[in-house]
Ligand SMILES: [Zn+2]
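Numbering (our numbering), first residue to last: 571 to 635.
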């Protein structure tokens, strides 16, 4: 389980987006996780469980303010 999801984190997903992209940036963290494709900028909301099952690994950490 991923407990420290933060806005600005970048994740590589297990499946390729139809646009060809693999990497997604977290733009919202709450009951649902909002992610934006880094290639086509399409936004998707997923509940935490679904997000965790689709994410493979975090490739970039949100920068500290
Ligand atoms: Zn995309």
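Quick reminder that beta carbons are idealized off the backbone N, C-alpha and C, glycines included.
This structure is a prediction, so every number in the text was calculated from the model and none was measured.
Cβ-Cβ distances below 7 Å link residue 584 to 624, 626 in the same chain, with the five nearest sequence neighbours on each side left out; the list follows chain order. With respect to the C-alpha of residue 578, the residue from 587, 604, 590, 588 having the closest C-alpha is 604. Between residue 608 and residue 595 the beta-carbon gap is near 6 Å, inside 8 Å, which marks them as a contact. Between the beta-carbon of residue 622 and that of residue 613 there is about 18 Å, and that puts the pair past the 8 Å contact cut.
If you ignore the 5 residues before and after residue 632, its C-beta comes within less than 7 Å of the C-beta of 576, 577, 578, 579, all in its own chain and listed in chain order. In this structure, the C-beta of residue 582 stays at least 8 Å away from each heavy atom of ligand 1.
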